[in-house]
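This report refers to the structure that appears directly beneath it.
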Amino acid sequence: MPSPKSTAFPSATQAALLFLAVFLCEFAIGAALRDANRWLGLNGMQLGVLSAVLGNGCVFAVVMHQQKLSYRELFHQSPASARATLMLVVPPVLLLVPGLMVVMTAVLNLLILIAPLSAWEESMFSRMADGSVAATLAVCLMAPLLEEMLFRGIVLRGFLLRYSRWQAIVGSALLFGAAHLNIYQFVVGLVMGTVLGWLYERSRSLIPCIALHAAYNSGTIFIGDWPDGSSTADTAWALLLVFIAGLCGVLALRRMLVVPVARNPVP
37 MPSPKSTAFP SATQAALLFL AVFLCEFAIG AALRDANRWL GLNGMQLGVL
87 SAVLGNGCVF AVVMHQQKLS YRELFHQSPA SARATLMLVV PPVLLLVPGL
137 MVVMTAVLNL LILIAPLSAW EESMFSRMAD GSVAATLAVC LMAPLLEEML
187 FRGIVLRGFL LRYSRWQAIV GSALLFGAAH LNIYQFVVGL VMGTVLGWLY
237 ERSRSLIPCI ALHAAYNSGT IFIGDWPDGS STADTAWALL LVFIAGLCGV
287 LALRRMLVVP VARNPVP
């Protein structure tokens, strides 16, 4: 009789196929919406948001029905209450955001020096940060919600039952990065996916993961509005505050989120 560890959904192959299913559903629904857009009157970004919601929704509905998984279980499987997680875990999680943004900005600037953006990539990133309601909704709300449901709520949940702790976290982070289909977001996705994976593995809740993901994405959207030309002293003080905030967040999370007990022991 196979052990629960060997049959938990998804495996690495199943996770890749799951992402492909989401991509194909979004593509098919997007094509149908574009054909119907003479009556809908939506712009490109609005069509993209609607396609993502409907495409992910179709796949989630099938997977959760097959796995007999409720949305309550998907979002929060921790023994701690959702309210306690929101009030106690989310604040130190948000302290990590400035540090993550500083690190990822430096890494991306270096990467762009090595591999400059193509015209298509510049156009894509400009549309994502154009300040429109649809773009802001897509980047700051829908992407964090849908991606956390898929990559942490379904993929990492299954990986943690099949693989070792860090194999599961890094494997899901690699898939998360690859799903963005460009080297720049792959790097961000790999780093963020590892942090988010650790956070989910410790908390067993999507609440802090969605909060961190949404705060990071929101920061990347609005960071362009920050004033330039700060003095060296101001920059140094800002970096010091970022470091202190991140350190406080890490220490608080390590103290609150202990390593989970072994899962599903084989009889």
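Be aware that the sequence shown starts at 37, since it is given in the working numbering, and climbs by one per residue. Backbone N, C-alpha and C fix where the C-beta goes; we use that ideal spot for every residue, glycine too.
**Asked** Between the region 80-94 and the region 51-64, do three or more beta carbon pairs fall short of 8 Å?
**Response** yes
What would DSSP say about residue 239, mapped onto helix, strand or coil?
Along the sequence shown, read from residue 1 onward, the residue named residue 239 stands at position 203. The answer is helix: DSSP assigns residue 239 an H, G or I state.
Fill in: Exposure label - residue 249; buried when at least 16 CB within 10 Å
Translated into positions along the sequence shown, residue 249 becomes position 213. Buried, because 16 or more other Cβ atoms sit within 10 Å of the Cβ of residue 249.
ask   = If you run the structure through DSSP and keep just helix, strand and coil, what is residue 216?
value = Numbered from 1 along the sequence shown, position 180 holds the residue referred to as residue 216. The three-state reading of DSSP puts residue 216 in coil, since its state is none of H, G, I, E or B.
Relative to the C-alpha of residue 255, which candidate in 69, 156, 241, 137 has its C-alpha closest? In the sequence shown, residue 255 corresponds to position 219, counting from 1. It is 137.
Next item on the list: Look at the alpha carbon of residue 274 and the alpha carbon of residue 268, and state the distance between them as a whole number of angstroms.
Entry: Within the sequence shown, numbered from 1, the residue matching residue 274 stands at position 238. Within the sequence shown, numbered from 1, the residue matching residue 268 stands at position 232. Each residue's alpha carbon lies about 10 Å from the other.
| With a cut-off of 7 Å, does the C-beta of residue 173 fall near any C-beta of chain C? | Checking the listed chains, one finds no chain C in this structure; it contains a single protein chain.
**Study point:** Proximity of residue 206 and residue 140 at Cβ, strictly below 7 Å
**Key:** For the purposes of this step, residue 206 is identified with residue 170 of the sequence shown, where counting begins at 1. For the purposes of this step, residue 140 is identified with residue 104 of the sequence shown, where counting begins at 1. No. Outside cutoff.
**Item:** Those runs of the alpha helix (DSSP H) which lie wholly inside the region 111-190 and span at least 4 residues
**Value:** 126-130, 133-150, 155-164, 169-173, 179-183
- Classification of residue 294 by the beta-carbon crowding that lies within 10 angstroms, buried from 16 upward: By 1-based counting over the sequence shown, the position of residue 294 is 258. Exposed is the call here.
| request: Pull up the distance between the alpha-carbon of residue 176 and that of residue 183, whole angstroms please. | output: Here the question's residue 176 lines up with position 140 in the sequence shown. Here the question's residue 183 lines up with position 147 in the sequence shown. So the two alpha carbons sit approximately 12 Å from each other.
* Asked: Given a threshold of 16 other Cβ atoms within 10 Å of its Cβ, counted over all protein chains shown, does residue 121 qualify as buried or as exposed?
  -> Taking the sequence shown and counting its residues from 1, one reaches residue 121 at position 85. Residue 121 is buried by the Cβ-count criterion.
Indicate the three-state DSSP secondary structure (helix, strand or coil) for residue 103 in the structure shown.
Along the sequence shown, one-based indexing puts residue 103 at 67. The answer is coil: DSSP assigns residue 103 none of H, G, I, E or B.
request  = Confirm, please, whether the CB-CB distance from residue 191 to residue 51 is below 7 Å.
outcome  = Residue numbering aside, residue 51 sits at position 15 when the sequence shown is read from its first letter. Residue numbering aside, residue 191 sits at position 155 when the sequence shown is read from its first letter. Yes; because the gap between Cβ atoms is below 7 Å, this pair is in contact.
Take every Cβ of the region 237-249, pair it with every Cβ of the region 118-133, and state whether three or more of those distances are shorter than 8 Å.
-> yes
Checklist entry - Between the region 186-204 and the region 94-113, do three or more beta carbon pairs fall short of 8 Å? => result yes
| request: Give the single residue among 162, 160, 210, 134 whose Cα lies nearest to the Cα of residue 285. | output: Counting from one through the sequence shown, the residue named residue 285 turns up at place 249. Nearest of 162, 160, 210, 134 to residue 285, Cα basis: 134.
| Does the distance from the C-beta atom of residue 204 to that of residue 212 stay below 7 Å? | Translated into positions along the sequence shown, residue 204 becomes position 168. Translated into positions along the sequence shown, residue 212 becomes position 176. Not closer than 7 Å, so no.
Report task. Check whether the Cβ atoms of residue 114 and residue 238 sit closer than 7 Å, and answer yes or no. Result -> Position 78 of the sequence shown, counting from 1, holds the residue named residue 114. Position 202 of the sequence shown, counting from 1, holds the residue named residue 238. Between residue 114 and residue 238, the C-beta gap is not smaller than 7 Å, which leaves the two residues out of contact.
Which whole-angstrom value is the C-beta distance of residue 226 and residue 251, which I expect to be below 8 Å? On the sequence shown, position 190 is the one that residue 226 refers to. On the sequence shown, position 215 is the one that residue 251 refers to. That belief does not hold up - the Cβ atoms of residue 226 and residue 251 are roughly 19 Å apart, past 8 Å.
Quiz item: With 16 other CB atoms within 10 Å as the buried threshold, where does residue 152 fall?
Solution: Residue numbering aside, residue 152 sits at position 116 when the sequence shown is read from its first letter. Under this definition residue 152 is an exposed residue.
>> On the DSSP letters alone, give me the boundaries of the alpha helix (DSSP H) that residue 45 sits inside.
In response: Along the sequence shown, one-based indexing puts residue 45 at 9. Annotation: residue 45 is outside any alpha helix (DSSP H) and is labelled neither H nor E by DSSP.
* Rounded to a whole number of angstroms, what is the C-alpha to C-alpha distance between residue 146 and residue 292? -> Taking the first residue of the sequence shown as position 1, residue 146 is located at position 110. Taking the first residue of the sequence shown as position 1, residue 292 is located at position 256. Their backbone Cα atoms lie some 35 Å apart in a straight line.
Inter-residue spacing [alpha-carbon to alpha-carbon] between residue 290 and residue 72:
Against the sequence shown, residue 290 aligns to sequence position 254. Against the sequence shown, residue 72 aligns to sequence position 36. Approximately 51 Å, taken between the alpha carbons.
Subject >> Beta carbon of residue 178 nearer than 7 Å to that of residue 171 >> reply: As a position in the sequence shown, residue 178 is number 142, starting the count at 1. As a position in the sequence shown, residue 171 is number 135, starting the count at 1. Cβ distance not < 7 Å, so residue 178 and residue 171 don't count as in contact.
Mind reading off the beta-carbon distance from residue 105 to residue 86? Whole number of angstroms is fine, and I expect it under 8 Å.
Along the sequence shown, one-based indexing puts residue 105 at 69. Along the sequence shown, one-based indexing puts residue 86 at 50. About 25 Å separates the two Cβ atoms, so there is no contact after all.
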